Amino acid sequence: MLRTADEELTIDELAARAGVTVRTVRFYASRGLLPPPRLRGRLGLYGGDHLARLDLIRELQALGFTLSAIERHLERIPDDATPEDLALQRALLAPWTSDQSEDLTRHELSQRAGRQLDDELVHQLVALGVLQGLDEELTRVRLPNTAMLGVGLQILDLGLPLEMLLQAKGIVEQHTTQIAVELRELFAANVLRPYVERGRPDDERERVRVATDQLRPLTIQVLVNGFQNAVNDVIRDHV
226 MLRTADEELT IDELAARAGV TVRTVRFYAS RGLLPPPRLR GRLGLYGGDH
276 LARLDLIREL QALGFTLSAI ERHLERIPDD ATPEDLALQR ALLAPWTSDQ
326 SEDLTRHELS QRAGRQLDDE LVHQLVALGV LQGLDEELTR VRLPNTAMLG
376 VGLQILDLGL PLEMLLQAKG IVEQHTTQIA VELRELFAAN VLRPYVERGR
426 PDDERERVRV ATDQLRPLTI QVLVNGFQNA VNDVIRDHV
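Residues 226 to 464, numbered by this note's numbering, are exactly what the sequence shown covers, in order.
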């Protein structure tokens, strides 16, 4: 929801609109994550810009940012940033997958998998990054991407050496990380920096946000297609 800067909310109304407690709002304000309220006599009033910052903080938390990292990120955003500027920040930071992580007991995990998962299988899924352990005994686990449980089990069912699978995982992560870094820099150099250097004009803000949203699925499709073509080339070269 797009916020308007001229909203006037008490701290209780702000907390209710943002879905947090008043204590949380005060804590964020004490850490400098929120600008001071506008004063009407002794009454502090908050606006759409404060709501937008709370939305951005929630987005950063969902991405796994620590409080210190959130503070460093928000330090680079001026206090007078408009709700529209903050909405653009959220668009740039939005995850590229819509899957939400789930915390499960071992029984719930087996139910989700459709079969009983023994300790060895669970440890292998953790090693492959499909699961994250929430305790040393792995009685509770986190499933970061619900779609990957079935994929991980199918891979393990192939009976291939786990060491080989871990090496394959490392190769994929190394190259996809580098691709992500280079593509982000390319987008920043050709879209974001010119937008900032031109003073963040209002008529360009929506174009940048739309471009960011549309690039996600297009980039994923291009990467999948490029990998498939590369595999075909390798096969032809070795036959």
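Idealized CB from N, CA, C, for every residue including glycine.
Keep in mind it's a predicted model, so treat the numbers as computed, not measured.
Nearest-angstrom beta carbon gap, residue j and residue i [assumed within contact, 8 Å]
{"i": "Leu359", "j": "Asp328", "result": "6 Å"}
{"i": "Gln326", "j": "Leu374", "result": "In the sequence under discussion, the amino acid at residue 326 is Ser, which differs from the Gln named in the question. Going by Cβ atoms, the distance from Ser326 to Leu374 rounds to 12 Å, so no, they are not a contact pair."}
{"i": "Ile236", "j": "Gly269", "result": "6 Å"}
{"i": "Tyr420", "j": "Glu429", "result": "6 Å"}
Coarse secondary structure for residue i, derived from DSSP in three states
{"i": "Thr330", "result": "strand"}
{"i": "Val464", "result": "coil"}
{"i": "Ala341", "result": "According to the sequence provided, residue 341 is Gln. The question's Ala does not apply to it. Note: Gln341 maps to coil in three-state DSSP."}
{"i": "Val465", "result": "Summary: the structure shown does not reach residue 465, with the chain confined to residues 226 through 464, and so no result is reported for it."}
{"i": "Val355", "result": "coil"}
{"i": "Gln451", "result": "Per the sequence shown, residue 451 should be read as Gly rather than Gln. Helix, per DSSP."}
{"i": "Thr229", "result": "Interpretation of Thr229 is limited by its pLDDT of 48, a score under 50 that renders its predicted location unreliable; the figure taken from the coordinates is listed afterwards. Three-state DSSP puts Thr229 in coil, outside helix and strand."}
{"i": "Leu259", "result": "coil"}
{"i": "Gly269", "result": "strand"}
{"i": "Leu363", "result": "coil"}
Cβ pair residue i, residue j closer than 8 Å
{"i": "Gly272", "j": "Glu233", "result": "yes"}
{"i": "Leu279", "j": "Ala254", "result": "no"}
{"i": "Leu311", "j": "Ala277", "result": "yes"}
{"i": "Gln379", "j": "Val366", "result": "no"}
{"i": "Thr437", "j": "Leu408", "result": "no"}
{"i": "Thr371", "j": "Thr330", "result": "no"}
Burial state of residue i, where buried means 16 or more other Cβ atoms lie within 10 Å
{"i": "His275", "result": "buried"}
{"i": "Phe399", "result": "Just to set this straight, residue 399 is Gln in the shown sequence, not Phe. Exposed."}
{"i": "Val376", "result": "exposed"}
{"i": "Val347", "result": "buried"}
{"i": "Ile396", "result": "exposed"}
{"i": "Ala306", "result": "buried"}
{"i": "Ile295", "result": "buried"}
Test: residue i CB closer than 8 Å to a CB of chain C
{"i": "Leu440", "result": "Of the protein chains in the structure, only one exists, and it is not chain C."}
Decide if the region 428-439 is in contact with the region 304-323; the criterion is three or more beta carbon pairs, one per stretch, under 8 Å apart. Yes: at least three Cβ pairs fall under 8 Å.
Determine, using beta-carbon pairs with one atom in the region 253-268 and one in the region 290-305, whether at least three such pairs fall under 8 Å. Between the region 253-268 and the region 290-305, the count of C-beta pairs closer than 8 Å reaches three or more; the two stretches touch.
With a threshold of 8 Å, are at least 3 pairs of Cβ atoms found where one atom belongs to the region 342-356 and the other to the region 385-393? At 8 Å Cβ cutoff, the stretches touch.
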